[in-house]
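Participant:
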Amino acid sequence: MFRGFPRNSSSQPRVAIIGAGIIGLSLAFELAYRRGTRVTLFDTRPAGRGASWAAAGMIAPAFEAAAEEGVHPRLFDLCLESARLWPAFSEDIERLSGLSSGFEAAPALAVALDAGEAAHLAAISQVLSARGVAHRQLTGDDLAQMEPALSRDVLGGLELETDTRVDNRRTVRALLAALEASPRVTFVKGAASLTSRNGRVHLDGHDAIVAAAGWETPVIKVAERGQLYSLVNWETALDDIDCHAGQMLSVAAGEGAPERVVRAGHVYLVPRDGQVVIGATMEPDRVIDTPEAEVIEALRLEGVKLCPDLAGAPVTERWAGVRPGTPDHAPFIGETVTPGLYVAAGHYRNGILLAPVTAQIIADQILGQAVGELAATFTPRRAYSATA
Ligand code: GLY
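Set out below in structure tokens:
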């Protein structure tokens, strides 16, 4: 039974990662560059072009502070931990790729346009204060000075020091460039030929398999006696991974564009590469790849409500993506009940934020290093105790 390799082993495992989105790429980066491990990355589609490409790039732990009922109770801690890892992660990616990772440590603003949104921000502020997490209460006048692009209807808000941003498309490009330059990394454009013997999942030449294919993780194929089955037949916890479509757009960032990330309710504006991203819809149980004109227009108008001068800004791009979810809105990270089979999927709205910490946790487990108490609570095995 493969149970992780000891820290000082001269015989390093070879790891197969299925899914070359930001989670798979970040894990490959962690293993190849920081742990000296050989990795094969499999994807049937172009690397990094799924949810990692569709995302807005917010690194936003504070928004998980006042979680609704049913959300994993340690998600906020995991988000804070990963946000702390981002600066060094970004530096390493930039050093090893020679490209910008697009990371910017500029604090985000969360603002309220009505009493309901103000109450939500008050709840976030209360948790942040109790936890000693830096943030600042702002009046409407403060906000008008700090971010003149904002509507005068804004009642007040918070400056969130923990919440920053990254140009996720640049991150993906830089990760790919670094990984392509590494002799320890092999890319395979196609499916991994997984087979099953005696209840275990195998891939020739590999010691550990990590399923990291976002919302498509449950349907990764496994062959047994000439028949093709889905991975969920071996790891039934994967049945809990669901999908949440998101549609969004970007407009040209001219006069009247915000300089910071601004959030109000479910709408957010993110400055990125000379544009402002306006996101996003949240459409449970839906898979789409083409944005819908009327949905995009409604979203654009919500963005304009927040920053009125965006009204005349030309739309530069419209797109749609699919977030992978789980019942407690937190990812599955860790070894499954099938030895040697790991899962890193279900990151819901926080895939970009949680990429560095996910990579560290899975790398630690595969290499037989101690896994902390926080990390252990994200095991995919929790799905069984929830239904027990
Ligand atoms: N992270 C923002 C979203 O999923 O819409």
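Mapped onto numbering that gives the first Met the number 0, the consecutive letters of the sequence shown carry residue numbers 0 to 387. Cβ atoms here follow ideal geometry from the backbone N, Cα and C, with glycine treated the same way.
Could you check where the beta strand (DSSP E) with Phe75 kicks off and where it finishes?
Facilitator: For the purposes of this step, residue 75 is taken as residue 76 along the sequence shown, with counting starting at 1. Segment 74 to 96 is the alpha helix (DSSP H) holding Phe75; no beta strand (DSSP E) there.
Participant: Jot down the residue ranges of each uninterrupted alpha helix (DSSP H) in the segment 277 to 308, minimum 4 residues, whole runs only, in chain order.
Facilitator: 292 to 305
Participant: Looking at Ile58 and Thr170, is the spacing between their C-beta atoms short of 8 Å?
Facilitator: Working through the sequence shown from its first residue, we reach residue 170 at position 171. Working through the sequence shown from its first residue, we reach residue 58 at position 59. Going by C-beta atoms, Thr170 is not nearer than 8 Å to Ile58.
Participant: Quick one: what does DSSP say Pro5 is sitting in, helix, strand or coil?
Facilitator: If you number the sequence shown from 1, residue 5 lands on position 6. Residue confidence is low: Pro5 scores 43 on pLDDT, short of 50, so the model does not pin down where it sits. Its coordinate-derived value is still stated next. Here Pro5 sits in coil by DSSP.
Participant: Apart from the five residues just before and just after Gln274, which ones in its own chain have a Cβ nearer than 7 Å to its Cβ?
Facilitator: Taking the sequence shown and counting its residues from 1, one reaches residue 274 at position 275. These residues qualify, in order along the chain: Ser249, Val250, Ala251, Ala252, Thr315.
Participant: Please tell me whether, using a cut-off of 7 Å, the distance from the CB of Arg348 to the nearest non-hydrogen atom of ligand 1 is below it.
Facilitator: Numbered from its first residue, the sequence shown carries residue 348 at position 349. Yes, the beta carbon of Arg348 sits closer than 7 Å to at least one heavy atom of ligand 1.
Participant: Whole angstroms are fine: how far does the CA of Ala118 sit from the CA of Glu215?
Facilitator: Along the sequence shown, read from residue 1 onward, the residue named residue 215 stands at position 216. Along the sequence shown, read from residue 1 onward, the residue named residue 118 stands at position 119. Going by the C-alpha atoms only, they are around 36 Å apart.
Participant: With H, G and I counted as helix, E and B as strand and the rest as coil, what does DSSP make of His201?
Facilitator: As a first step, residue 201 must be located in the sequence shown, where it is residue number 202. Reduced to three states, the DSSP call for His201 is strand.
Participant: Along the chain, where does the beta strand (DSSP E) containing Ala334 start, and where does it finish?
Facilitator: Here residue 334 corresponds to residue number 335 of the sequence shown, with the count starting at 1. According to the sequence displayed, residue 334 carries Glu and not Ala. DSSP places Glu334 inside the beta strand (DSSP E), whose first and last residues are 331 to 334.
Participant: With contact counted as at least three CB pairs below 8 Å, one residue from each stretch, are the segment 31 to 41 and the segment 142 to 151 in contact?
Facilitator: no
Participant: Run the CB neighbour count on Gln246, radius 10 Å, all protein chains shown included, and call it buried at 16 or more, exposed below.
Facilitator: On the sequence shown, residue 246 is found 247 positions in, with the first residue counted as 1. Residue environment for Gln246: buried (at least 16 other C-beta atoms within 10 angstroms of its C-beta).
Participant: Specify the secondary structure class of Glu29 as computed by DSSP and reduced to three states.
Facilitator: Numbered from 1 along the sequence shown, position 30 holds the residue referred to as residue 29. Looking at Glu29 - three-state DSSP - the assignment turns out to be helix.
Participant: Taking 7 Å as the cut-off, does the CB of Met57 come closer than this to any heavy atom belonging to ligand 1?
Facilitator: In the sequence shown, the residue the question calls residue 57 occupies position 58. Yes; taking the cut-off as 7 Å, the Cβ of Met57 has a heavy atom of ligand 1 nearer than that.
Participant: How long is the line joining the alpha carbons of Val132 and Pro290, rounded to whole angstroms?
Facilitator: For the purposes of this step, residue 132 is taken as the residue at position 133 of the sequence shown. For the purposes of this step, residue 290 is taken as the residue at position 291 of the sequence shown. Rounded to whole angstroms, Val132 to Pro290 spans 37 Å at the Cα level.
Participant: Examine ligand 1 and report whether any of its heavy atoms sits within less than 7 Å of the Cβ of Gly245.
Facilitator: Numbered from 1 along the sequence shown, position 246 holds the residue referred to as residue 245. Yes; taking the cut-off as 7 Å, the Cβ of Gly245 has a heavy atom of ligand 1 nearer than that.
Participant: For Glu296, is the classification buried or exposed, using 16 other Cβ atoms within 10 angstroms of its Cβ as the cut-off for buried?
Facilitator: Residue numbering aside, residue 296 sits at position 297 when the sequence shown is read from its first letter. An exposed status is given to Glu296, since fewer than 16 other beta-carbon atoms sit within 10 Å of its beta-carbon.
Participant: Is Arg151 close to chain B? Criterion is C-beta to C-beta, closer than 8 Å.
Facilitator: As a matter of chain content, chain B is missing from the structure shown, which is built from one protein chain.
Participant: By the three-class DSSP mapping on this structure, what secondary structure does Phe377 have?
Facilitator: To locate residue 377, count along the sequence shown from 1; it is residue 378. Of the three classes helix, strand and coil, the one that applies to Phe377 here is coil, per DSSP.
Participant: Quick check: the Cα distance between Gly18 and Glu93, rounded to an integer number of angstroms?
Facilitator: Position 19 of the sequence shown holds residue 18. Position 94 of the sequence shown holds residue 93. When rounded, the distance between both Cα atoms is 22 Å.
Participant: If you reduce the DSSP assignment to three classes, tell me which class Gln359 lands in.
Facilitator: Position 360 of the sequence shown, counted from the start, is the residue given in the question as residue 359. In the structure shown, Gln359 sits in a helix (DSSP, three-state: H, G or I).
Participant: Can you grab the Cα-Cα spacing for the pair Gly190 / Leu149, in whole Å?
Facilitator: Taking the first residue of the sequence shown as 1, we reach residue 190 at position 191. Taking the first residue of the sequence shown as 1, we reach residue 149 at position 150. The amino acid at residue 190 is misidentified as Gly; the sequence shows Ala. Cα to Cα, the separation comes out at about 47 Å.
Participant: Whole angstroms is fine: what's the gap from Pro283's alpha carbon to Leu300's?
Facilitator: Taking the sequence shown and counting its residues from 1, one reaches residue 283 at position 284. Taking the sequence shown and counting its residues from 1, one reaches residue 300 at position 301. Computed Cα separation, rounded: 22 Å.
Participant: Measure the beta-carbon distance from Thr337 to His205 and round it to whole angstroms, keeping in mind my assumption that it falls under 8 Å.
Facilitator: Residue 337 sits at position 338 when you count from the first residue of the sequence shown. Residue 205 sits at position 206 when you count from the first residue of the sequence shown. Rounded, the Cβ-Cβ distance is 14 Å, inconsistent with contact.
Participant: Does Met0 come out as helix, strand or coil in the three-state DSSP assignment?
Facilitator: By one-based count along the sequence shown, residue 0 stands at place 1. Reliability fails at Met0, whose pLDDT of 37 lies under 50, so the model's placement of it is uncertain and the value that follows must be treated cautiously. Note: Met0 maps to coil in three-state DSSP.
Participant: In this structure, how does DSSP classify Trp318 when only helix, strand and coil are distinguished?
Facilitator: Numbered from its first residue, the sequence shown carries residue 318 at position 319. Strand, per DSSP.
Participant: Give me, in chain order, the residues of the same chain whose beta-carbon lies closer than 8 Å to that of Ala31; leave out the 5 immediate sequence neighbours on both sides.
Facilitator: Position 32 of the sequence shown holds residue 31. The answer, listed in chain order, is Arg37, Val38, Leu178, Ser181, Arg183, Val184.
Participant: Given this structure, state the Cα-to-Cα distance separating Ala358 from Ile365, to the nearest angstrom.
Facilitator: The residue labelled residue 358 in the question sits at position 359 within the sequence shown. The residue labelled residue 365 in the question sits at position 366 within the sequence shown. So the alpha carbons of these two residues sit roughly 11 Å apart.
Participant: Quick check: does the Cβ of Gly278 come within less than 7 Å of any heavy atom belonging to ligand 1?
Facilitator: In the sequence shown, residue 278 corresponds to position 279, counting from 1. It does: the Cβ of Gly278 is within 7 Å (strictly closer) of some heavy atom of ligand 1.
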